[in-house]
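Everything on this sheet refers to the single structure shown next.
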Amino acid sequence: MGTTWVILIAVVALIAGVALGFFIARQYMMKYLKENPPINEQMLRMMMMQMGQKPSQKKINQMMNQMNKMSDKK
């Protein structure tokens with residue numbers, strides 16, 4: 001009878017730990033993406049204009065493709 005309770009408590013603790021870990025990781029990722037949004041075409045266009053370049057759609061597409069390739073390698 002004593003080992004059944006130990007196993008039951010261990011299983012409940014494991015399930016609670018997984019659930020708690022999931023919600024903590026989810027909250028952390030939501031906070032991270034809110035503070036550091038992924039770069040999109042509009043942000044890229046603004047950065048290029050701030051650097052004094054006139055961005056064409058072709059150049060923006062090339063830079064987005066290059067950034068996607070770099071993120072795929074990681």
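At position 40 of the sequence shown (counting the first as 1) the number is 40 in full-length UniProt numbering, and the numbers step up by one without a gap.
C-beta atoms are modelled at their ideal positions from N, C-alpha and C, and glycine is treated no differently.
All values reported here derive from a predicted model rather than from experimental measurement.
Sequence-distant Cβ neighbours of residue 67 in its own chain, meaning closer than 7 angstroms and more than five residues away, are 39. DSSP, reduced to helix, strand and coil, places residue 49 within a helical segment of the structure shown. For residue 59, the uninterrupted alpha helix (DSSP H) run begins and ends at 57–73, by DSSP.
In this structure residue 35 does not touch residue 60 by the C-beta definition: roughly 24 angstroms separates them, more than the 8 angstroms allowed.
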